[in-house]
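Engineer: There's a structure below that I have some questions on.
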Amino acid sequence: MKKADYWVLRKLRLIADYQFLPGAGKALFPEGVEVTFSSKTGRVREVRLGGELVASFRPDEGTFALAIKGAELLLKCFQKPRLRAVIEESVTGVVAEGRNVFARHVLEADPGIRPGDEVIVVDEKDRLTAVGRALLNGEEMVAFSRGVAVKTRVGNLALKGK
């Protein structure tokens, strides 16, 4: 693991700006982030800030898979409902354990979300609950009453049981 130089940091920020929204790159990857490279390919594997995982790079898709720390950084940068799926308070604890989010529990979602996008799952008070991949677009998440809306990758264990 080593500190990201100018060119690596620039590349990471450009990918994040493309994947999320302009400005996401600087929010996710401030100066001083540490990068782990693949020993075989030399490509970026993961990015850490202060020892905490921010995001992992998916080389097959050329996008980032957010970790809880990365989601926290993006929540500070963008106002509600950007990049978010807002869920009912009653299912917060279950989703925080890593269970999938069903469409019937989604109260509000960013209309810009498309299937396959990284989604930050929050409760009604905008507290980070989980991070995952959208299976429906933002409008469908709110309109549908059946089916999985977000496939959760990692839950926020700090909210577990709440």
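Take the sequence shown: its letters are residues -6 to 155, numbered as in the numbering used here. C-beta: ideal position from N, C-alpha, C; glycine also.
#1: Determine the direct distance from the alpha carbon of Gly18 to that of Ala102, and round the result to whole angstroms.
#2: So, with DSSP's three-state summary, where would you put Arg6?
#3: Between the Cα of Ile61 and the Cα atoms of Gly131, Val1 and Val114, which residue gives the shortest distance?
#4: Are three or more beta carbon pairs between the region 20 to 27 and the region 46 to 63 nearer than 8 Å?
#5: What residue ranges within the region 94 to 118 form continuous beta strand (DSSP E) runs of no fewer than 3 residues, ordered along the chain?
#6: Using the Cβ count rule (16 or more neighbours within 10 Å means buried), how would you classify Glu117?
#7: Answer yes if the region 98 to 112 comes into contact with the region 64 to 79, meaning at least three C-beta pairs across the two stretches below 8 Å, and no otherwise.
#8: Could you tell me whether the region 130 to 147 touches the region 82 to 98, using the rule of 3 or more Cβ pairs below 8 Å?
#9: Would you kindly work out how many angstroms separate the C-alpha atoms of Val37 and Gln12, rounded to a whole number?
#10: Let me confirm a value: Gly35 is counted as buried when at least 16 other C-beta atoms fall within 10 Å, else exposed. Which label applies?
#11: Sorted by chain position, which residues of the same chain lie with C-beta nearer than 7 Å to Ser31's C-beta, five sequence neighbours on each side aside?
#12: Counting C-beta neighbours from all protein chains within 10 Å, is the total for Gly148 16 or more, i.e. buried, or is it exposed?
#13: Please state whether DSSP places Leu14 in a helix, a strand or coil.
#14: In terms of alpha-carbon separation, which member of Gly43, Glu82, Arg77 and Leu7 lies closest to Phe57?
#15: Can you say whether Asp110 is buried or exposed, counting buried as having 16 or more other CB atoms within 10 angstroms of its CB?
#16: Consult DSSP for Gly140 and reduce its assignment to one of helix, strand or coil.
#17: Quick one, which of Lys(-4), Val26 and Ala9 has its alpha-carbon nearest Met55's?
Structural biologist: By the coordinates alone:
#1: Answer to the nearest angstrom: the Cα atoms are 22 Å apart.
#2: The answer is helix: DSSP assigns Arg6 an H, G or I state.
#3: Of the candidates Gly131, Val1 and Val114, the residue whose Cα lies closest to the Cα of Ile61 is Val114.
#4: yes
#5: 99 to 102 and 111 to 115
#6: exposed
#7: yes
#8: Flag = yes, the region 130 to 147 and the region 82 to 98 touch.
#9: 16 Å
#10: With a threshold of 16 other beta carbon atoms within 10 Å, Gly35 falls short and is exposed.
#11: Arg38
#12: buried
#13: coil
#14: Leu7
#15: buried
#16: Gly140: coil per DSSP, three-state reduction.
#17: The question names Met, yet the displayed sequence has Gly at residue 55. The shortest Cα separation from Gly55 among Lys(-4), Val26 and Ala9 belongs to Ala9.
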